[in-house]
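Q: These protein sequence lines map, in sequence, to chains A and B.
Using this note's numbering, the first residue of the first sequence is number 1168, and each one after it goes up by one.
Using this note's numbering, the first residue of the second sequence is number 114, and each one after it goes up by one.
Right, I'll just put the structure down here and ask away after.
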Amino acid sequence: MLDNVIIGQYIPGTSVLHKMDPRAKLLGIFVFIFVVFLANNWLTYGILGVFAVAAILLSQVSLRYMYKGLKPIFFIVIFTFVLHILMTKQGEVVYDLGWLKIYNGGVKQGVFISLRLVYLVLVTSLLTLTTTPIDITDGLEYLLAPFKKIKLPVHEFALMMSISLRFIPTLLQETEKIMKAQMARGAEFTAGPIKERVKAFVPLLVPLFISSFKRAEDLALAMEARGYRGGEGRTRLRVLHWRFRDTGALLLLVILAAVLVVLRTHG
Amino acid sequence: MKELITVNNVSFQYPSEDDLTLTELSLSVYKGEWLAIVGHNGSGKSTLAKLLNGLLLPTSGEVKVEDYTTANEKELWEIRRRVGIVFQNPDNQFVGTSVRDDVAFGLENFGVPRDEMIERIQTSIARVNMQDFIESEPHHLSGGQKQRVAIAGIIAQKPSIIILDEATSMLDPMGRKEVIDTVKQLNEEEGITVISITHDLEEAVRADRVIVMKQGAILTTGSPREVFQNEALLLDAGLDLPFSLKLGLALRDYGVSLKEQHLTQEELVDALWTLKSAD
């Protein structure tokens, strides 16, 4: 069971997006979040849509995974859409129920805001689908490095992330072991009323907590024995390579932003 | 023989405890030897291991490694590079997300340049025969494999001493053999000094020298053959005799007297099948 556990949602692949520098991807997402807010008419939303679809096709990630990423936000999308239809009273009335008037401005606004949400989720989930968690950590450490000057513990934060990632499968294995031990003694985790099931998890969590603390202590000792003394004077095995395509991708985003600025409705 | 580690009159007390864990202990470790430190739980042998590379500092007395002393904080890093410890729990000392990253961890800490790092990682992983697993994640490895990765991480730092702190006690017999054979090879071929801290006398049998500890003090020291002569003393230290010794004793009680003690199963088997034909 545990061999199938994927940490994060990374889908291995060899596409251009997979090969991009995680720093470029992180920066790109950051820029894209602002760019999305530039669109305000059918044309600009259309251009963004083309861009998002092109990015998905480039990533070679199957659409099934994209759909999986969208599923949790469907409710929010529909909710915002309905809210806009009901609340925005601009433009002509397109449908009149007497007590409820739907304006074409409301429909337009609803579609736009929903599209905005969908674009944001699609593009940001591309990041986690094409980048391993450890690469994201490395990228973040590099990008946040300037903040070390204001005493932000960037290195420590990155190390914590990578150690957490390393221990997730170990703790899952341990949970499974404890569960089996409890089940062997008659504990029931999967049946019964919800209240009982929640209660059954207490004897699972307590030993898990205790052993995690023991692990943390052991690990700290082992790290110290191997000469760990903070980020100062440390060299790194993992290095990131910024290539031409990374600069290119960011340039493309800037161009996209410029096009949107020109084509958006002003005033 | 060159003296690598000198422990001089060391006492140690954990702040939370009333009694001394180690009392005025002195010992020397020599270059290239395989030293086994045996003792029951609570005899202070693991505390001793942590004192040897400065993870703990003595309450009184001095620990010296080569020309460095653990009392000087600046020299601590030199000592930690020279003295590597393989701990008991294979999982709780694996820091990296893959075998390669874990071996790199120590090198990164000591500021080894990247090119040299890559080279050292390759050779040390090959040295412990884990080259097929270089990209593997820890949860896909067996306990014995994880301990071998820990050893690779240590030898990449070019140490002079490897301490096995109960490193095989959580492993199955196969894993135990893998780890001991790897370390034995390093000891014989590269002259790396090995200190194996264990309560398993079967493991201590393979050492050049054995130190028996009880309640924070050294009970006796000598070659395995000398030490195992004195069964009463080992039992007094709370240790379980190796199987071949136990069988030898049982045979003696039964009336079959063997000429001497046999530390390993092979020796005992040889002695038994030649028993009648010898005279």
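Yeah, the Cβ is synthetic: ideal placement off N, Cα and C, and Gly gets one too.
A quick note: this is a predicted structure, and the numbers were derived from the prediction, not measured.
1. Output, in chain order, the set of chain C residues within a Cβ distance shorter than 9 angstroms of Gly1400/A.
2. In the segment 253 to 283 of chain B, which residues sit with their C-beta less than 7 angstroms from some C-beta in chain A, listed in chain order?
3. Relative to the C-alpha of Ala1416/A, which candidate in Phe1197/A, Val1406/A and Gln1176/A has its C-alpha closest?
4. Got a sec: which bits of the segment 232 to 244 of chain B sit with their beta carbon under 8 angstroms from any beta carbon on chain A, in order along the chain?
5. Nearest by alpha-carbon distance to Met243/B: which of Ser357/B, Glu373/B and Val216/B is it?
6. Is there a Cβ from chain A that is less than 7 angstroms from the Cβ of Leu168/B?
7. Return the first residue and the last residue of the alpha helix (DSSP H) that Met326/B is part of.
8. Taking Gly1236/A as the reference, give the member of Glu1399/A, Arg1352/A and Leu1289/A with the closest Cα.
9. Where do the ends of the alpha helix (DSSP H) carrying Ser1443/A lie?
10. Nearest-angstrom Cα distance between Glu116/B and Glu146/B?
11. Closest to Leu1287/A by C-alpha separation, out of Phe1201/A, Lys1347/A, Gly1258/A and Glu1308/A, would be which residue?
12. Using a Cβ-Cβ cut-off of 8 angstroms (strictly less than) and excluding sequence neighbours within five positions of Ile1173/A, which residues of its own chain qualify?
13. Measuring only between beta-carbons, confirm whether Thr182/B sits less than 7 angstroms from chain A.
14. So, for Phe356/B: in the same chain, excluding its five sequence neighbours on each side, which residues have a beta-carbon less than 8 angstroms away from its beta-carbon?
15. Distance check for Ile276/B and Val199/B, CA to CA, integer angstroms please.
16. Below 8 angstroms, how does it come out for the segment 1292 to 1300 of chain A and the segment 1172 to 1191 of chain A: are there three or more Cβ pairs, yes or no?
17. Determine, for Tyr1177/A, whether the minimum Cβ-Cβ distance to residues of chain B falls below 7 angstroms.
18. Of all the options Gly1195/A, Phe1380/A and Leu1372/A, which has the alpha carbon lying nearest to the alpha carbon of Ala1222/A?
19. Please decide whether Asp1302/A counts as near chain B, where near means a Cβ-Cβ distance under 7 angstroms.
20. Can you find a CB in chain B that lies within less than 7 angstroms of the CB of Tyr1395/A?
21. Give a yes or no on whether the minimum CB-CB distance between Pro1336/A and chain B is below 7 angstroms.
22. Below 7 angstroms CB to CB, which residues in the same chain sit around Ser1329/A once its five sequence neighbours on both sides are set aside?
23. List the DSSP bridge partners of Gly257/B.
24. Compute the distance between the beta-carbons of Met326/B and Lys158/B, then report whether it is under 7 angstroms.
25. Nearest chain B C-beta to Ala1416/A closer than 7 angstroms, yes or no?
26. To the nearest angstrom, how far is it from the Cα of Glu232/B to the Cα of Val1421/A?
27. Is any heavy atom of the ligand ATP found at a distance shorter than 6 angstroms from the C-beta of Ile305/B?
28. Do the CB positions of Leu1184/A and Leu1225/A come within less than 7 angstroms of each other?
29. Just to make sure I have the definition right: I need the residues of chain A whose C-beta is within less than 7 angstroms of the C-beta of Asn202/B. Which are they?
30. How many Å lie between Gln1227/A and Thr1299/A at the Cα?
31. Hey, how far is the Cα of Thr210/B from the Cα of Glu250/B?
32. Any chance the segment 324 to 341 of chain B sits against the segment 289 to 304 of chain B, with 3 or more Cβ pairs inside 8 angstroms?
33. Starting from Ile276/B, follow the beta strand (DSSP E) in both directions and report where the run begins and ends.
34. Based on Cα-Cα distance, which residue from Gly288/B, Pro337/B and Arg213/B lies nearest to Leu148/B?
35. In chain B, which residues lie with their C-beta within 7 angstroms of the C-beta of Ser1329/A?
36. I'd like to know whether the C-beta atoms of Leu133/B and Ser139/B end up nearer to each other than 7 angstroms.
A: By the coordinates alone:
1. This model lacks chain C altogether, as its protein chains are A and B.
2. In summary, the residues of the segment 253 to 283 of chain B whose CB is separated from some CB of chain A by less than 7 angstroms are Gly266, in the order they occur in the chain.
3. The candidate whose alpha carbon is nearest that of Ala1416/A is Phe1197/A.
4. Ile234
5. Val216/B
6. yes
7. Unbroken run through Met326/B is the beta strand (DSSP E), Arg322 to Lys327; no alpha helix (DSSP H).
8. Leu1289/A
9. Absent from the structure is residue 1443/A, since the part of chain A shown begins at 1168 and ends at 1434.
10. 10 angstroms
11. Out of Phe1201/A, Lys1347/A, Gly1258/A and Glu1308/A, Phe1201/A has the C-alpha closest to the C-alpha of Leu1287/A.
12. A caution first: Ile1173/A carries a pLDDT of 47, below 50, which makes its placement in the model unreliable, though a value can still be read off. Correct list: empty, nothing qualifies.
13. It does not; no Cβ of chain A falls within 7 angstroms.
14. Around Phe356/B: Glu315 and Gln378.
15. 6 angstroms
16. yes
17. no
18. Among Gly1195/A, Phe1380/A and Leu1372/A, the Cα nearest to that of Ala1222/A belongs to Gly1195/A.
19. no
20. yes
21. With a threshold of 7 angstroms between beta carbons, Pro1336/A makes contact with chain B.
22. Ile1301 and Thr1304
23. None, per the DSSP bridge assignment.
24. yes
25. no
26. 41 angstroms
27. Ligands are entirely absent from the displayed structure, and the ligand ATP is therefore not among its contents.
28. yes
29. Asp1385
30. When rounded, the distance between both Cα atoms is 16 angstroms.
31. 6 angstroms
32. no
33. Ile274 to Asp278
34. Pro337/B
35. Thr210
36. no
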